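Participant: Numbering follows the working numbering, in which position 89 of the sequence shown is assigned residue number 89; successive positions increment by one, without gaps.
Here a beta-carbon is modelled for each residue, glycine too, at the ideal position from N, C-alpha and C.
None of these values were measured; they are calculated from a predicted model.
One structure follows; several queries about it will come next.
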Amino acid sequence: MDDLQKDAVSLLAKTSLSDGIARRDFIKVALGTGFAAAAMPVVAQNVISTDTKGLVAGTIEIEVAGQRVPVYRAQPEGKANPPVVLVVSEIFGVHEHIADVARRFAKLGYMALAPDLFVRQGDPQKVASIAELQRDIIARTPDEQVMADLDATVAWAAAQGGNTDKLGITGFCWGGRITWLYAAHNPKVKAGVAWYGRLVGTSSAMTPRQAIDIAGSLKSPVLGLYGLKDTGIPQDSIAAMQKELAKGSSGSQFVIYPDSGHAFHADYRPSYVAADARDGWQRLQNWFKQFGVAP
């Protein structure tokens, strides 16, 4: 039995039927293991691995409109009323890196929840290329569905003793865009941190609004962590976002890392920039502390 299986068994033993999880339905998908095929090759020597000592960690499931949604949950064992942070994945889904980020939050005292927001559309880890992943899963995942799944995750956290009066959200790439949108969607979000999430784009039935569209009305402060060398998110889009944010009162800010491109926090990818990833992680902690999310 590997460590993840042990964690899952431990979590199952500590999870009562009041969680709304039947034992037979407890784990259908083992989140937080391996890496997506489209993200290969993995730079193994850079991968950060956070242990589960002192944590309750593993996959649970919540029900959203009849759909079972797996969620990777990590939180300090025995800690009452922990603040809640939503961890929103890149297009690769809730793989090993995202689960590790959740454990990093748990080590800091949070209940961290990373839902599988693509569960209805497919398994991102099995798709061979980024182009196929974008076409077959991402393009078919509506924002409305994502917002509802995150709402349900927050409700589950509150029912399980999480302090959703201290609610934060962070996300990477695809999840960075969702971070901006969810901070506007849910007034309970105290603060968000968006890592290199797209800010502008073409609206569609699946994605009716972009981050720039909600900037002026945004109330929750979001910290944007972006790379100057990110060819997919040009600096003029950041400047346009800042201009729109200035029309509102959220107090959102950007930090632009001159030596980084896209995915500089992703320690398993060649794009990883260790110094900027560490700096961003510290800024995230400071941001959450400043706006009342931190333990």
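1) Work out the CA separation of Gly171 and Thr207 for me, nearest whole Å.
2) Would you decide whether Lys190 is buried or exposed? Buried here means 16 or more other CB atoms lie within 10 Å of its CB.
3) Alpha carbon to alpha carbon, how far is His265 from Val193? Give it in angstroms, no decimals.
4) By the DSSP assignment, the beta strand (DSSP E) with Asp213 in it spans what residues?
5) Apart from the five residues just before and just after Leu117, which ones in its own chain have a Cβ nearer than 6 Å to its Cβ?
6) Alpha helix (DSSP H) containing Leu284: first to last residue?
7) Going along the chain, which residues of its own chain have a beta-carbon closer than 7 Å to the beta-carbon of Gly162, five neighbours each way excluded?
8) Suppose the cutoff is 7 Å on Cβ atoms and the five residues either side in sequence are ignored; what does the same chain contact list for Gly248 look like?
9) Pull up the distance between the alpha-carbon of Gln67 and that of Pro142, whole angstroms please.
10) In chain order, what residues of the same chain have a beta carbon less than 8 Å from the beta carbon of Val43, not counting five sequence neighbours either side?
11) Can you give the Cα-Cα distance for Arg278 and Arg140, rounded to whole angstroms?
12) Give me, in chain order, the residues of the same chain whose beta-carbon lies closer than 8 Å to that of Lys188; leave out the 5 immediate sequence neighbours on both sides.
13) If you run the structure through DSSP and keep just helix, strand and coil, what is Tyr182?
14) Does DSSP put Arg68 in a helix, in a strand, or in coil?
15) Report the rounded CA-to-CA distance for Val255 versus Asp276, giving the unit in angstroms.
16) Reducing DSSP to helix, strand and coil, say where Val29 ends up.
17) Tell me, please, which residues DSSP counts as bridged to Arg73.
18) Under a three-way DSSP split, which group does Lys79 fall into?
19) Tell me where the beta strand (DSSP E) around Ala191 begins and ends.
20) Go through the stretch 200-253 residue by residue and report every complete run of the alpha helix (DSSP H) that reaches 4 residues or more, in order.
Facilitator: According to the data block:
1) Taking the first residue of the sequence shown as position 1, residue 207 is located at position 207. Taking the first residue of the sequence shown as position 1, residue 171 is located at position 171. Roughly 17 Å between the two C-alpha positions.
2) For the purposes of this step, residue 190 is taken as residue 190 along the sequence shown, with counting starting at 1. With 16 or more Cβ atoms within 10 Å of its Cβ, Lys190 is classed as buried.
3) As a working note, residue 193 is residue 193 in the sequence shown. As a working note, residue 265 is residue 265 in the sequence shown. Rounded to whole angstroms, Val193 to His265 spans 13 Å at the Cα level.
4) Looking up residue 213 in the sequence shown gives position 213. Looking at the DSSP string, Asp213 is not in any beta strand (DSSP E); the run it does join, the alpha helix (DSSP H), is 211-214.
5) Position 117 of the sequence shown, counted from the start, is the residue given in the question as residue 117. So the list reads Val146, Asp149, once near-sequence residues are dropped.
6) For the purposes of this step, residue 284 is taken as the residue at position 284 of the sequence shown. From DSSP, the alpha helix (DSSP H) with Leu284 extends over 274-290.
7) Mapped onto the sequence shown, residue 162 falls at position 162. Contacts found: Pro82, Val84, Met111.
8) Along the sequence shown, one-based indexing puts residue 248 at 248. For Gly248, where only same-chain residues beyond five positions count, the Cβ hits under 7 Å are Ala215, Gly216, Ser217, Leu218.
9) As a working note, residue 67 is residue 67 in the sequence shown. As a working note, residue 142 is residue 142 in the sequence shown. So the two alpha carbons sit approximately 15 Å from each other.
10) For this step, residue 43 is matched to residue 43 along the sequence shown. Closer than 8 Å at Cβ, skipping near neighbours: Asp267, Tyr268, Arg269, Pro270, Tyr272.
11) The residue you call residue 278 lines up with position 278 of the sequence shown. The residue you call residue 140 lines up with position 140 of the sequence shown. Cα-Cα distance, rounded: 33 Å.
12) Locating residue 188 in the sequence shown gives position 188, where the first residue counts as 1. Counting only Cβ-Cβ distances below 8 Å, and skipping sequence neighbours, we find Val154, Thr164, Asp165, Leu167.
13) Position 182 of the sequence shown, counting from 1, holds the residue named residue 182. Reduced to three states, the DSSP call for Tyr182 is helix.
14) Mapped onto the sequence shown, residue 68 falls at position 68. In this structure, Arg68 counts as strand in the three-state DSSP scheme.
15) In the sequence shown, the residue the question calls residue 255 occupies position 255. In the sequence shown, the residue the question calls residue 276 occupies position 276. Their backbone Cα atoms lie some 10 Å apart in a straight line.
16) In the sequence shown, residue 29 corresponds to position 29, counting from 1. Any reading at Val29 needs caution, since the residue's pLDDT is 45, under 50, leaving its predicted position unreliable; the model's value is listed next. In the structure shown, Val29 sits in coil (DSSP, three-state: anything other than H, G, I, E or B).
17) Here residue 73 is taken as the residue at index 73 of the sequence shown, counted from 1. In the DSSP output, where bridge partners are listed per residue, Arg73 has Gly58, Leu113.
18) Counted from its first residue, the sequence shown places residue 79 at position 79. If DSSP states are grouped into helix, strand and coil, Lys79 belongs with coil.
19) Along the sequence shown, read from residue 1 onward, the residue named residue 191 stands at position 191. Start and end: 189-195.
20) 211-214, 235-245
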